[in-house]
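A.B. asks: Right, I'll just put the structure down here and ask away after.
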Amino acid sequence: MNRKWMQASLVCSVVALAGVTSADTSMSPDEYVKREKDAVATYSEANQVSQRYGRYERTRSDLLSPSGLSLRVENWEKASQDWIASWTKVLALADVGQDFSYQEFERVLGQTLSELQGRLAVLEKDGRSIKAEGERLLARIPPNADTYTKLGAYRTVLDLLKQREKELFDSVQTISGIPQAKITKLREIDTVSRQAVLGRLRASLLRVAGHPVEQTVSSLRTFLAAEQIAEPVLIQVTNAEQEMSRYVLNLQVYHAEEASQKSKALCEDGLKTLGQISAPAQYVAGAKTRAKTLCAAIAKQYSELVSYGVPKNDLVREYIEVERAALPTLCKGANAPVQCEKLAVIAALQTQDYAKMNDDKLKFVEYGWAELMGQAKR
Amino acid sequence: MKTLRALSLSVGLLAGVAQWTIAGNALAYSCPLEKLNARPPIEFKPFPLVNPTSGQALRPDELLDVQPGQQMRADEFINRVNDIESKLNQIGYTLREQTTVTVAELFTCVDLLRQQQDWLARLVDPNAPNPATTAEERLRALESSWEQYKQKIPSWEDLYRRANDASVDVYLPPPPPFTAPVPERRRVEFRPAIKERIWNYEIGEKSKFAAGVNASLRLEATKTETRAHAKGAVTAAVLGKWEGDILAASADAVAPIEDKATLNIQVKAVGRTLWSYPPPGARQEGIGIKEDGKKSWPVEKGVDFRFAIGPIPMKGTVGFRAEAGLHYGYTLVPLHVGAFAGPYAAADAYAQCGVDIGIAGGGVGGQLLLIKDSLTLQGDALVQVVDEPSLTIELTGYNKIEALSGSLYAYGYIDLWFKKFEGRYDFFTWEGFSDEATLFHFKKEWTPSGVTIEGDATAEDIMEVRAQQSEQRLVEIENKTQDNLTNTMTAISAGLSAEDAKRVLQDKARHEAIAGALDKVIKTYWDEIRRWAGT
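First to last, the protein sequences are chains A and B. Positions 22 to 399 (the numbering used here) are the ones given, in order, by the first sequence. Positions 18 to 552 (the numbering used here) are the ones given, in order, by the second sequence.
Shown next, in the form of structure tokens:
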């Protein structure tokens, strides 16, 4: 036999087989998906409740804090009581004696009534502000439909939260509505008190004798009628002048611009209203002069601001840079974290950023800063 | 002296109103100014010139004290008296009357007075406060009432103090206790693991000479036991007439958590059991087992084979002689199997042959290494709990083989006295095959925190790891969710029960009280001014 053939016929075969067995009882994909969805839904609902509680606690703080709504209403109530007490003094003023001088009486009465009108205007403004603040707080805690599906084990906490929200809602609604509920009566008191002054004066003149009662009463009636028309106009114009002063001092050019336009209309209407009254002549003349002086001051202040030649972007930048220094102290307590974050964004603007902005953007920045600072200071 | 009584007048006062101008209407009444109450005249009886006290006559020039510090002649005095008497008598009166009489009066215009009274009633309220009460007194009264109600308004501190007083009924329901269940931490479940590796190795032709190795190692681990099954065999095949195991060894080890561990080893060679452990009738004591050793045996197998070298018929025996054995070592404690099994065999092929006719002779030559193999199977299956449960499975297979190297032949010859014929029959010739390699190595470590694998992982191993990692992430999510939920609800529950929550209702009540008191002040003042305003 051919050995080589025998060798060649040999077939070397290497057969190697590898086997593997594993066994594992892992979760099914459906079970995994369900558990994952449940976990995510639970996490999400927990966050929703946390946010809801955050809104409740923030609203509660806005009600009860030292600068909160409750204390504002209490101060308003005290101010309104003081205002009523002041009217009592006005009635006392009308209880004249033998040494009665009508000119002096009208002068003092006019001053007192002007002050009372101003204080009433402040009460009305504060009352509206309190009401608006109340509505803002109420909007934060609307009645909640409880639709949580994963939080059954915490039902007691959720029920307690709902109860507390309702208590807070009722409390804010009641407290914030107190001033507005009384304003109408205060206005009536303002009107009827003037009639009472007339009656009181007449009675005291009759008692002391020696003075022309009806003539005096008639003069006073004319004066009161004129004062009731003129004083609100003077108060509005005075407030507008004070507002313009503040804007000009702060370099709030867009605020000043808007205030200037509003003041023009206010002054036109105001002078027109004053033109409808003629008696008493001296008082009316004085009121018109004062109104014209204030209106002129408003216009002058605004024109001086814009006539310096400083570009508006520089004015806005200066305004914000001055107020920016107060940010660290204001935001240290983190009482208004959202407002402080937004203020920080605006405060980070550079000179070149302002230079690139158009009028609309500059106005947005100026107004935004002012509003956020107001909210943060609350 | 009789004190003369002059005319006495009673005058009704008219209301001292100099002018009446009421809605431009003048008064319609005109009344007389005076009224004389005359009587019918009476006779004149003159008074005599006598002293009215003593009754004695008076001299005409006698001086009389008519008033303190005033004197008059008697005749002049009497004349004046009589003059008055005469005039009185004409209207029916006399100086001699003892009572006071109203001789004349200013006329009282009653109708006018009544009209004025009506007008006054319209102008002033008869119940109006006394004008003598000053405005300062009224102001003081108002301020006093304000102070009074202010004192009745509880301060926040008072309310708070009272609310804390045990004698004061709590007007807020106590918050329900926070009864949420304590969250359970989810853990990745401990799942049993089974890992097995099999290796089959064969070389040559079974119709001639073939050799091979079979190895399998299987490890199992559950919460209650670990188990190892190792099997190794060295195989051969001879001329198609025989094939089988030169040596086959198998070992089963079980280490349960509580019961006794068991170990069973069996060694067979060419179909016969050579050795087993434990020996028949032996008892294993103790929970654990630790056994190791080395055994070896001679093994032989031959098969008859007829063949021809040309015309020379041959017959012989072809087979192998081997030295085969087993290294082993086992450590078995609860839930831990550490196994080492190493069957080995070294076999040489042989042939013996002879011729069938007398004139011939024969023999064999060559040396053929059939197989020389050393197999090592090593495994660890361990379940333990230190800080957390863990499972470890490790399988290693290692083999060193040398096979089919050399040659084996038979020869036959015919010896003629003039010459010799020799022929050969080659059974097998080859340079052989040798290899030394790790057949498999795989290690898996599992803990609830994660799973790691190393070595030759298969696709199934990787899928298994990924599935476990997914479960790990899911459990982390679930635990994080539960922690977040518990912390959130705990914080919310505490916040809802805080003092400020009570203050909300307290403040509402306080403001309602203040508003009510303010309403009273307003009403008091309102009533006051309405009176003055005439509304």
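Virtual Cβ for every residue (Gly too), placed ideally from N, Cα, C.
From the DSSP output, in three-state form, read off Phe94 (chain B) for me.
C.D. replies: The sequence position of residue 94 (chain B) within the second sequence is 77, counting from 1. Three-state DSSP puts Phe94 (chain B) in a helix.
A.B. asks: Can you pull the chain B residues whose beta carbon is under 8 Å from the beta carbon of Glu95 (chain A), in chain order?
C.D. replies: Translated into positions along the first sequence, residue 95 (chain A) becomes position 74. The contacting residues are His528 and Ile531.
A.B. asks: Output yes if chain A places a C-beta closer than 8 Å to the C-beta of Trp543 (chain B); else output no.
C.D. replies: Numbered from its first residue, the second sequence carries residue 543 (chain B) at position 526. Chain A contact via Cβ: present.
A.B. asks: By how many angstroms is the C-alpha of Ser451 (chain B) removed from the C-alpha of Glu219 (chain B)?
C.D. replies: Here residue 219 (chain B) corresponds to residue number 202 of the second sequence, with the count starting at 1. Here residue 451 (chain B) corresponds to residue number 434 of the second sequence, with the count starting at 1. Going by the C-alpha atoms only, they are around 12 Å apart.
A.B. asks: Determine whether the beta carbon atoms of Ala270 (chain B) and Val316 (chain B) lie at a separation below 8 Å.
C.D. replies: Residue numbering aside, residue 270 (chain B) sits at position 253 when the second sequence is read from its first letter. Residue numbering aside, residue 316 (chain B) sits at position 299 when the second sequence is read from its first letter. Contact flag unset, no.
A.B. asks: In angstroms with no decimal places, state the Cα-to-Cα distance between Phe457 (chain B) and Ala232 (chain B).
C.D. replies: Counting from 1 along the second sequence, the entry for residue 457 (chain B) is found at position 440. Counting from 1 along the second sequence, the entry for residue 232 (chain B) is found at position 215. One C-alpha to the other measures close to 10 Å.
A.B. asks: Mind checking who Met89 (chain B) pairs with in its DSSP beta bridge?
C.D. replies: Taking the second sequence and counting its residues from 1, the one referred to as residue 89 (chain B) is at position 72. Paired residue(s): B:Leu81.
A.B. asks: For Pro69 (chain B), count neighbouring Cβ atoms within 10 angstroms of its own Cβ and tell me buried if that reaches 16, exposed if not.
C.D. replies: Here residue 69 (chain B) refers to the residue found at position 52 of the second sequence. Looking at its Cβ environment, which holds fewer than 16 other Cβ atoms inside 10 Å, Pro69 (chain B) is exposed.
A.B. asks: Since Leu236 (chain B) and Gly396 (chain B) should fall inside the 8 Å C-beta cutoff, what is the C-beta to C-beta distance between them, to a whole number of angstroms?
C.D. replies: Taking the second sequence and counting its residues from 1, the one referred to as residue 236 (chain B) is at position 219. Taking the second sequence and counting its residues from 1, the one referred to as residue 396 (chain B) is at position 379. With 8 Å as the limit, Leu236 (chain B) and Gly396 (chain B) qualify as a contact, their Cβ atoms being about 5 Å apart.
A.B. asks: Which partner residues of Leu85 (chain A) appear in the DSSP bridge assignment?
C.D. replies: To locate residue 85 (chain A), count along the first sequence from 1; it is residue 64. Answer is none; Leu85 (chain A) lacks a bridge partner.
A.B. asks: Which partner residues does Leu392 (chain B) have in the DSSP bridge list?
C.D. replies: Here residue 392 (chain B) is taken as the residue at index 375 of the second sequence, counted from 1. B:Asn416, per the DSSP bridge assignment.
A.B. asks: Using a 10 Å radius around the Cβ and a threshold of 16 neighbouring Cβ atoms, would you call Arg267 (chain A) buried or exposed?
C.D. replies: Looking up residue 267 (chain A) in the first sequence gives position 246. It counts as exposed.
A.B. asks: Taking the continuous beta strand (DSSP E) assigned at Ile531 (chain B), which residues delimit it?
C.D. replies: Reading the second sequence from its first residue, position 514 is the one you call residue 531 (chain B). From DSSP, Ile531 (chain B) is part of no beta strand (DSSP E) but of the alpha helix (DSSP H) over Glu516 to Ala550.
A.B. asks: Contact check, Ala251 (chain B) vs Ala368 (chain B) under 8 Å by CB: the rounded distance?
C.D. replies: Position 234 of the second sequence, counted from the first residue, corresponds to residue 251 (chain B). Position 351 of the second sequence, counted from the first residue, corresponds to residue 368 (chain B). A quick correction: the sequence has Val, not Ala, at residue 251 (chain B). About 21 Å separates the two Cβ atoms, so there is no contact after all.
A.B. asks: Below 8 Å on the Cβ atoms is my guess for Pro465 (chain B) versus Pro406 (chain B); work out the distance and round it to an integer in Å.
C.D. replies: On the second sequence, position 448 is the one that residue 465 (chain B) refers to. On the second sequence, position 389 is the one that residue 406 (chain B) refers to. The Cβ separation is near 7 Å, so the contact holds.
A.B. asks: Does any residue of chain A bring its CB to less than 8 Å from the CB of Asn416 (chain B)?
C.D. replies: Sequence index remark: in the second sequence, residue 416 (chain B) carries index 399 (1-based). Cβ-Cβ to chain A under 8 Å: no for Asn416 (chain B).
A.B. asks: How big is the Cα-Cα spacing for Arg22 (chain B) and Leu112 (chain A)?
C.D. replies: In the second sequence, residue 22 (chain B) corresponds to position 5, counting from 1. In the first sequence, residue 112 (chain A) corresponds to position 91, counting from 1. Only weak support exists for where Arg22 (chain B) lies, its pLDDT of 35 falling under 50; the coordinates are left without a value.
A.B. asks: Can you tell me which of the three DSSP states Asp180 (chain A) falls into?
C.D. replies: For the purposes of this step, residue 180 (chain A) is taken as residue 159 along the first sequence, with counting starting at 1. The answer is helix: DSSP assigns Asp180 (chain A) an H, G or I state.
A.B. asks: Considering only the alpha carbon of each residue, which of B:Gly109, B:Ala74 and B:Asp92 lies closest to Phe61 (chain B)?
C.D. replies: Working through the second sequence from its first residue, we reach residue 61 (chain B) at position 44. The candidate whose alpha carbon is nearest that of Phe61 (chain B) is B:Gly109.
A.B. asks: Chain A partners of Met506 (chain B), CB-CB under 7 Å?
C.D. replies: Reading the second sequence from its first residue, position 489 is the one you call residue 506 (chain B). Ordered by position in chain A, the residues that pass the 7 Å Cβ test against Met506 (chain B) are Tyr175 and Val178.
A.B. asks: Between the alpha carbons of Asn281 (chain B) and Gly429 (chain B), how many angstroms are there, rounded?
C.D. replies: Locating residue 281 (chain B) in the second sequence gives position 264, counting from the first residue. Locating residue 429 (chain B) in the second sequence gives position 412, counting from the first residue. Roughly 50 Å separates the two Cα atoms.
A.B. asks: Can you pull the DSSP bridge partners for Pro406 (chain B)?
C.D. replies: Against the second sequence, residue 406 (chain B) aligns to sequence position 389. Bridge partners of Pro406 (chain B): B:Val402.
A.B. asks: Val284 (chain B): buried (16+ other C-beta within 10 angstroms of its C-beta) or exposed?
C.D. replies: Walking along the second sequence from the start, residue 284 (chain B) turns up at place 267. Classification of Val284 (chain B): buried, given that the 10 Å Cβ count is 16 or more.
A.B. asks: Using DSSP with H/G/I as helix, E/B as strand and the rest coil, what is Asp321 (chain B)?
C.D. replies: The residue labelled residue 321 (chain B) in the question sits at position 304 within the second sequence. Correct three-state label for Asp321 (chain B): strand.
A.B. asks: Ordered along the chain, which non-local residues of its own chain (more than five positions away) have a Cβ less than 6 Å from that of Gly533 (chain B)?
C.D. replies: Working through the second sequence from its first residue, we reach residue 533 (chain B) at position 516. Cβ within range, chain order: n/a, list empty.
A.B. asks: List the whole-angstrom C-beta distance separating Val255 (chain B) from Gly379 (chain B), where the pair is believed to meet the contact cut-off of C-beta under 8 Å.
C.D. replies: As a first step, residue 255 (chain B) must be located in the second sequence, where it is residue number 238. As a first step, residue 379 (chain B) must be located in the second sequence, where it is residue number 362. The Cβ separation is near 19 Å, so there is no contact.
A.B. asks: Three-state secondary structure (DSSP) at Asp59 (chain A)?
C.D. replies: Within the first sequence, residue 59 (chain A) is the residue found at index 38, counting from 1. Three-state DSSP puts Asp59 (chain A) in a helix.
A.B. asks: Look at the alpha carbon of Lys540 (chain B) and the alpha carbon of Leu207 (chain A), and state the distance between them as a whole number of angstroms.
C.D. replies: Counting from one through the second sequence, the residue named residue 540 (chain B) turns up at place 523. Counting from one through the first sequence, the residue named residue 207 (chain A) turns up at place 186. Roughly 11 Å separates the two Cα atoms.
A.B. asks: Could you tell me the alpha carbon to alpha carbon distance between Val187 (chain B) and Gln523 (chain B), rounded to whole angstroms?
C.D. replies: If you number the second sequence from 1, residue 187 (chain B) lands on position 170. If you number the second sequence from 1, residue 523 (chain B) lands on position 506. With a pLDDT of 44 at Val187 (chain B), under the threshold of 50, the predicted position of this residue should be treated as unreliable, though the coordinate-derived value follows. In a straight line, the C-alpha of Val187 (chain B) is about 11 Å away from that of Gln523 (chain B).
A.B. asks: Under 8 Å between the Cβ atoms of Ala115 (chain A) and Val218 (chain A)?
C.D. replies: For the purposes of this step, residue 115 (chain A) is taken as residue 94 along the first sequence, with counting starting at 1. For the purposes of this step, residue 218 (chain A) is taken as residue 197 along the first sequence, with counting starting at 1. Yes, the pair counts as a contact, with Cβ atoms nearer than the cut-off.
A.B. asks: State the DSSP-derived secondary structure class of Ile479 (chain B), mapped to helix, strand or coil.
C.D. replies: By 1-based counting over the second sequence, the position of residue 479 (chain B) is 462. DSSP places Ile479 (chain B) in helix when its eight states are reduced to three.
A.B. asks: Please decide whether Leu535 (chain B) counts as near chain A, where near means a Cβ-Cβ distance under 8 Å.
C.D. replies: In the second sequence, the residue the question calls residue 535 (chain B) occupies position 518. Cβ-Cβ to chain A under 8 Å: yes for Leu535 (chain B).
A.B. asks: Is there a C-beta anywhere in chain A that falls below 8 Å from the one on Leu522 (chain B)?
C.D. replies: Taking the second sequence and counting its residues from 1, the one referred to as residue 522 (chain B) is at position 505. True, the Cβ-Cβ gap to chain A drops below 8 Å.
A.B. asks: Kindly identify the DSSP beta-bridge partner or partners of Asp397 (chain B).
C.D. replies: Translated into positions along the second sequence, residue 397 (chain B) becomes position 380. For Asp397 (chain B), which the question treats as bridged, DSSP gives the partners B:Gly355 and B:Glu411.
A.B. asks: Could you check what DSSP says for Lys112 (chain B) in three-state terms: helix, strand or coil?
C.D. replies: On the second sequence, residue 112 (chain B) is found 95 positions in, with the first residue counted as 1. In the sequence as displayed, the identity of residue 112 (chain B) is Leu instead of Lys. In the structure shown, Leu112 (chain B) sits in coil (DSSP, three-state: anything other than H, G, I, E or B).
A.B. asks: Name the residues in the stretch 466–481 of chain B whose C-beta lies less than 7 Å from a C-beta of chain A; which are they?
C.D. replies: Listed by position, the residues of the stretch 466–481 of chain B near chain A (Cβ gap below 7 Å) are Thr475, Glu477, Asp478 and Glu481.
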